[in-house]
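Asks: Could you have a look at this structure, given as structure tokens, before my questions?
Protein chains: 2
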Amino acid sequence: MHICSADIENLDKLTRVNLINSLSGFKSANLIGTVDKLGQENLSIVSSVFHIGANPPLIGMIIRPHSVPRHTLENIIETGVYTINHVNTEIFAQAHQTSARYDKHISEFEAVGLQAEYKISFKAPFVLQSKLKMAVELMSTQTIELNQTELVIGKITDIYLEDELAYCDDGFVDLERLNTVALSGLDKYHSTTAIARLSYAKCDKPLSYLATSPKNSDSN
Amino acid sequence: MHICSADIENLDKLTRVNLINSLSGFKSANLIGTVDKLGQENLSIVSSVFHIGANPPLIGMIIRPHSVPRHTLENIIETGVYTINHVNTEIFAQAHQTSARYDKHISEFEAVGLQAEYKISFKAPFVLQSKLKMAVELMSTQTIELNQTELVIGKITDIYLEDELAYCDDGFVDLERLNTVALSGLDKYHSTTAIARLSYAKCDKPLSYLATSPKNSDSN
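Chains as they are written, first to last, in numbering that gives the first Met the number 0: chain A, 0 to 219; chain B, 0 to 219.
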């Protein structure tokens, strides 16, 4: 089946949005927690969080300024901080509901039934029910001129893991143990099943399967 | 469990790389097919492909210029085109093997046992074994000054779907039907199981489950 440029252009808007959103493959599902300078909370699901680099620990996301997460972007610029919280199988429906167009004076935490959690000396709220959460400091925002979306890059300053057995001996985090979900398209949520962890690829050596164990287990 | 900034800084390099790469959540797994101006092929797995916008249909990825995919970036700049091919459960090991540091004169297609496929009037090679592949035209490259990685943005011009039953009536593509895999960390591959597709969220309405059927099925 071949869909060409003209076919894409001729699709109605919603069909095109569903199609193009499916093409990148599986996506992360994260809740972005923010406050404005008066302390008004906001929580917004974002499917475009991606890794940028490990040293310094940088994480990026794409925000559409004219869509729902505009309060998120405004708050991040006002306070310079935000939280990123993994969506898991127990909270995926509440997480999805944060994408409704709530007024600015309404906290999505309350509206959807998730609990805000504050950590000492960090302004932005975390999601209590998330099992992997990060405190993030804004490093830069830049407009992508091709479509006027914003690339927001932050530095991860703190990581909170609910289950320390998910933290493996080589630094890898077992997302399945945390029930982190994957997203496809705009709105489909998936749980995952491990196929394999593969060794670092070398030209002259066959791949092998990597075994990992929790960092703090008895065997270490 | 709390890992603070100082903890992150004090980790050895490989542990930090594994940890930080795990934090964004599940990632897409895609093979980028390119040629240089002399026709020398290159194939490289990339875990940072992400959706930027549907109209125009824009897709982004982060390339580390000093890492293995540097040939990919050079070829994209030379020819202005590339292909993005979903990694599926049948080819994930070959896909991973493309990350080995092959010399420029070696085609990763041959080295790992995947077949290059050419379409009329498009220079860059597709992966025959992939079930969802896209022809992409380079739109922009920009350096992310914070860590000198490159943000590469392209426009999707053609979509090839092996199984048309994966294309749903509302434009959504059923990635599970195509056996597309998800990635976590640097090297863990996952298959997925659908939890649910959720309706467009509204403030005053409960969410419902969306059912979809193939676009070209008898029922349509």
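Beta carbons are placed, not taken as given, at the ideal position from N, Cα and C, and that holds for glycine. Predicted model only: the values in this text are computed from it and were never measured.
Can you list, in chain order, the residues of its chain whose CB lies under 7 Å from that of Ile-158 (chain B), leaving out five sequence neighbours each side?
Replies: Met-133
Asks: Beta-carbon of Ser-212 (chain A) versus every beta-carbon of chain B: anything under 9 Å?
Replies: Closer than 9 Å: no.
Asks: Please list, in chain order, the residues of the segment 91–114 of chain B that have any C-beta partner in chain A closer than 7 Å.
Replies: For the segment 91–114 of chain B, which is checked against every Cβ of chain A, the residues closer than 7 Å are Phe-91, Ala-92, His-95, Gln-96, Ser-98, Ala-99, Arg-100 and Tyr-101.
Asks: On a Cα-Cα basis, can you pick out the residue from A:Ile-58, A:Gly-38 and A:Leu-13 that is closest to Gly-24 (chain B)?
Replies: A:Ile-58
Asks: Distance, Cα to Cα, Gln-93 (chain A) vs Ser-4 (chain A)?
Replies: 36 Å
Asks: So with CB distances below 9 Å, who are the chain A contacts of Phe-25 (chain B)?
Replies: Near Phe-25 (chain B) (Cβ distances below 9 Å), the residues of chain A are Phe-25, Lys-26, Ser-27, Ala-28, Leu-174, Thr-179, Val-180, Ala-181, Leu-182, His-189 and Thr-191.
Asks: DSSP state of Ile-119 (chain A), grouped into three classes?
Replies: coil
Asks: Enumerated in chain order, which unbroken segments of the alpha helix (DSSP H) with a length of 4 residues or greater are wholly contained in the segment 96–161 of chain A?
Replies: As far as the segment 96–161 of chain A is concerned, its whole alpha helix (DSSP H) runs of at least 4 residues are 107–111.
Asks: Using beta carbons (cut-off 9 Å, strictly below), is Lys-122 (chain A) in contact with chain B?
Replies: no
Asks: Once the 5 residues before and after Lys-122 (chain A) are set aside, which same chain residues still bring their CB inside 7 Å of it?
Replies: Val-34, Thr-78 and Val-80
Asks: Using Cβ-Cβ distances below 7 Å, what residues of the segment 154–173 of chain A are close to chain B?
Replies: Ile-155, Thr-156, Asp-157, Ile-158, Tyr-159, Leu-160, Glu-163, Tyr-166, Asp-169, Gly-170, Phe-171 and Val-172
Asks: Is it a yes or a no for the segment 110–119 of chain B touching the segment 14–24 of chain B, going by three-plus beta-carbon pairs under 8 Å?
Replies: Segments in contact, no.
Asks: Going along chain B, which residues have a C-beta under 8 Å from Thr-88 (chain A)?
Replies: Ile-194
Asks: Does any CB atom of chain A fall closer than 9 Å to the CB of Val-80 (chain B)?
Replies: Not an interface residue.
Asks: Going by beta-carbon coordinates alone, are Ala-115 (chain A) and Leu-42 (chain A) separated by less than 9 Å?
Replies: yes
Asks: Give me the DSSP bridge partner(s) of Thr-179 (chain B).
Replies: B:Asn-87
Asks: Using the Cβ count rule (16 or more neighbours within 10 Å means buried), how would you classify His-104 (chain A)?
Replies: exposed
Asks: Pull up the distance between the alpha-carbon of Ile-143 (chain B) and that of Lys-130 (chain B), whole angstroms please.
Replies: Distance between the alpha carbons of Ile-143 (chain B) and Lys-130 (chain B): 32 Å.
Asks: Can you name the residues of chain A whose CB is closer than 7 Å to the CB of Asn-74 (chain B)?
Replies: Ordered by position in chain A, no residue passes the 7 Å Cβ test against Asn-74 (chain B), which lies about 19 Å from the chain.
Asks: Taking 9 Å as the threshold (beta carbon to beta carbon), is Tyr-117 (chain B) in contact with chain A?
Replies: no
Asks: How about Phe-108 (chain A) and Glu-40 (chain A): do their beta carbons lie closer than 9 Å?
Replies: yes
Asks: What residues in its chain sit with their C-beta under 6 Å from that of Leu-127 (chain B), if we drop five residues either side in the sequence?
Replies: Gln-114 and Glu-116, listed in sequence order.
Asks: By the 10 Å Cβ neighbour count, where 16 or more other Cβ atoms means buried, how is Tyr-208 (chain A) classified, buried or exposed?
Replies: That one is exposed.
Asks: Quick one: what's Lys-187 (chain A) bridged to in DSSP?
Replies: A:Ser-183 and B:Arg-196
Asks: Anything in chain A within Cβ reach of Phe-125 (chain B), meaning under 7 Å, just list it in chain order.
Replies: Result: empty, since nearest Cβ-Cβ is about 12 Å, beyond 7 Å.
Asks: Given this structure, state the Cα-to-Cα distance separating His-189 (chain B) from Leu-37 (chain A), to the nearest angstrom.
Replies: 42 Å
Asks: Within 10 Å of its beta-carbon, does Asp-203 (chain A) have 16 or more other beta-carbons around it, so buried, or fewer, so exposed?
Replies: exposed
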